[in-house]
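Here is the structure we will look at, set down as structure tokens.
Numbering (UniProt numbering), first residue to last: 1 to 167.
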């Protein structure tokens, strides 16, 4: 988000938010993360996948250095994808059409969720955003003329089961 968040040490910092949006339903889960380093991205990805309750067959990433660039993933990414039995798709740079669904949702978050809010910590941001997403996933999305919450089961049916062991 375009707003600095107060950290435990008293400093203010812009922090990234990781978002997963299911393509068919537009159902969205998200969490603020401390860095864009591989370990934080993978841990947050696992957290969000657990919230979905199933593993998407493909995880699409936009040229994120902590995940990989070009054709190769960052260290540890292939093992993570293999454990989940999913496929990593790394988008080419400067290809906004490939990630349009997520980009439109992110723009909507900035105009609908952020205005008028304040956050006392990353945990407070995550709590407020999660509560807001619960409502947002219950609203009709104009492009699909349906509520994400009503279509997520179809998305989940096309996904893979969670691995039988905790990561």
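Glycine is no exception: its CB is placed at the ideal position from the N, C-alpha and C atoms.
**Asked** Under the DSSP definition of a beta bridge, which residues are partnered with residue 146?
**Response** Here residue 146 corresponds to residue number 146 of the chain shown, with the count starting at 1. Answer is 141.
**Asked** Which term fits residue 26, buried or exposed, when burial requires 16 or more other beta carbons within 10 angstroms of its beta carbon?
**Response** To locate residue 26, count along the chain shown from 1; it is residue 26. Burial call: buried.
**N-terminal and C-terminal residue of the alpha helix (DSSP H) that residue 189 is part of** = The shown model of the chain, from 1 to 167, leaves out residue 189, and the question about it has no answer.
**Asked** Alpha carbon to alpha carbon, what distance is there between residue 14 and residue 156?
**Response** Position 156 of the chain shown, counted from the start, is the residue given in the question as residue 156. Position 14 of the chain shown, counted from the start, is the residue given in the question as residue 14. Here the alpha carbons of residue 14 and residue 156 stand approximately 33 angstroms from one another.
**Prompt:** So what does DSSP say about residue 43, is it helix, strand or coil?
**Reply:** Taking the first residue of the chain shown as position 1, residue 43 is located at position 43. Under the three-state reduction of DSSP output, residue 43 falls in the helix class.
**Message:** Quick check on this structure: which residue in 140, 81, 150 has the alpha carbon closest to the alpha carbon of residue 38?
**Reply:** Against the chain shown, residue 38 aligns to sequence position 38. Of the listed residues, the one whose Cα sits closest to residue 38 is 81.
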